[in-house]
């Protein structure tokens with residue numbers, strides 16, 4: 082049908098429309114079609130897209146896609162992590178309760194210098210924790226740290242994830258009713274994660 086109202090503002094953001102058969106040439110033209118493409122003999126679901134004749138059919142729904150597998154993350158062991166979380170103090174307290182020897186640094190000031198994750202690769206694992214705003218304020222450091230260690234996103238929104246990673250690719254949705262946890266390791270695609278060894 083003819084694009085009107087608020088849809089007019091959305092239409093330019095989408096690709097070329099698939100124009101299905103219209104009852105009359107007039108309606109075909111009002112919907113943005115070319116007069117030469119109007120064909121009243123098209124069957125239901127018949128249409129034109131970018132000059133090509135297409136047929137839309139309704140198929141039986143496919144089987145449900147398998148749920149993404151959650152990667153187990155054990156914080157405070159051998160591997161250093163950069164952690165973006167909406168609850169930095171709470172998460173740090175939970176990690177220390179489970180792993181008293183964990184080396185945790187809050188982002189900000191000298192103590193949370195992101196460069197500390199590059200020092201002493203043979204030493205103890207370090208966890209550099211900050212909320213999305215703190216990491217955004219140190220975006221250059223975030224980009225450098227991301228190239229060196231795995232990044233864990235804990236209880237962050239999709240918007241915060243995209244803002245920091247500057248990626249259009251979205252992470253897998255969290256499990257229903259669960260806190261969003263995503264692991265980004267190097268250039269790999271983001272994975273759903275699960276922290277092990279922490280009390281809830």
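In this note's numbering, the protein residues as written are 82 to 281.
Just so you know, even glycine gets a beta-carbon here, dropped at the ideal spot from N, CA and C.
Cβ pair residue i, residue j closer than 8 Å
i, j, result
"residue 130", "residue 104", "no"
"residue 180", "residue 156", "yes"
"residue 213", "residue 241", "yes"
"residue 101", "residue 127", "yes"
"residue 358", "residue 188", "The first residue shown for the chain is 82 and the last is 281, placing residue 358 beyond what the model contains."
"residue 164", "residue 233", "yes"
"residue 211", "residue 169", "yes"
Selected residue, minimal CA-CA separation from residue i, among the options
i, options, result
"residue 266", "230, 250 and 236", "230"
"residue 135", "251, 165, 246 and 99", "99"
"residue 125", "141, 227, 274 and 137", "137"
"residue 154", "268, 269, 262 and 270", "262"
"residue 167", "238, 150 and 141", "238"
"residue 160", "87, 174 and 184", "184"
"residue 254", "143, 272 and 268", "272"
"residue 228", "268, 220, 218 and 248", "268"
"residue 162", "172, 226, 90 and 89", "226"
6 Å Cβ shell around residue i - same chain, five flanking residues per side excluded
i, result
"residue 202", "Its pLDDT being 47, under 50, residue 202 is placed unreliably by the model, and the measurement read from it follows with that caveat. Excluding sequence neighbours, residue 202 sits near nothing in its chain."
"residue 260", "236"
"residue 279", "175 and 179"
Host beta strand (DSSP E) of residue i (start-end)
i, result
"residue 170", "Segment 169-179 is the alpha helix (DSSP H) holding residue 170; no beta strand (DSSP E) there."
"residue 102", "That residue, residue 102, is in no beta strand (DSSP E); it is neither H nor E in DSSP."
"residue 187", "184-187"
"residue 274", "272-276"
"residue 133", "133-136"
"residue 163", "162-166"
Contacts around residue i, its chain only, beta-carbon distance under 7 Å, and the 5 residues preceding and following it disregarded
i, result
"residue 110", "116"
N- and C-terminal bounds of the alpha helix (DSSP H) containing residue i
i, result
"residue 260", "Run containing residue 260: none; DSSP gives neither H nor E here."
"residue 91", "88-91"
Residues of its chain near residue i, where Cβ-Cβ distance is below 8 Å and the 5 sequence neighbours each way are ignored
i, result
"residue 277", "153, 154 and 155"
"residue 158", "180 and 206"
"residue 250", "270 and 271"
Checklist entry - Along the chain, which unbroken stretches of the alpha helix (DSSP H) at least 4 residues long are found entirely within the region 199-248? => result 213-218, 220-229 and 239-246
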